[in-house]
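S.K.: The sequence shown begins at 1 in my numbering and counts up by one.
Submitted below is the structure of interest, expressed as structure tokens.
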Amino acid sequence: MRASLEQNMPQTMSGGCHCGRVRFRVTADLSGVTYCNCSICAKKGFLHLIVPPEAFELVSGADALTIYRFNTGTARHTFCATCGIHPFYVPRSDPDKIDVNVRCLDGVDLAALKPHVFDGQNWEQAIGNNVPWR
1 MRASLEQNMP QTMSGGCHCG RVRFRVTADL SGVTYCNCSI CAKKGFLHLI
51 VPPEAFELVS GADALTIYRF NTGTARHTFC ATCGIHPFYV PRSDPDKIDV
101 NVRCLDGVDL AALKPHVFDG QNWEQAIGNN VPWR
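Structure representation (structure tokens):
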């Protein structure tokens, strides 16, 4: 079943890593999906969906997660230690939230998305402007 792309229609979606050890559920709408061109997001191909922690549930695989930190160390980039996929993380921009990788959601038609763009290569300037997910 495909996730709905209707604007402002929260829905509960499931997702996970490639090997299946990490599984999660998130309740959100896909209107805020954002592409970032910073060094790590561009290399990972991450499509961002930032949600409050109460909208996210880690169903399984907490013991399979590894954390990578760099630069300021604020962001906690989590990835599966078995398959290396980055299904979600705690973002530098909003360390009180969870950032889900839309590419890891089950049944989402990525070609139908119209992601907002965040200029992560100029993070300090961009974060002070109109941030798409806020």
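Note that the Cβ used here is the ideal one computed from N, Cα and C, for glycine as well.
These figures come from a predicted structure and were not determined experimentally.
Out of curiosity, what's the CA-to-CA distance linking ARG76 and VAL100?
M.R.: 12 Å
S.K.: Going by the beta-carbon positions, is the gap between ARG103 and LEU58 smaller than 7 Å?
M.R.: no
S.K.: Can you check whether the CB of ILE67 is closer than 7 Å to the CB of SER93?
M.R.: no
S.K.: Where LYS43 and PHE118 are concerned, what is the direct C-alpha to C-alpha distance, given to the nearest angstrom?
M.R.: 15 Å
S.K.: Do GLY107 and CYS36 have their CB atoms nearer than 7 Å?
M.R.: no
S.K.: Quick check on the burial criterion: 16 or more other C-beta atoms within 10 angstroms. Buried or exposed for MET9?
M.R.: exposed
S.K.: With a threshold of 7 Å on Cβ separation, who are the neighbours of THR72 within its own chain once the five nearest residues in sequence on each side are excluded?
M.R.: ARG92
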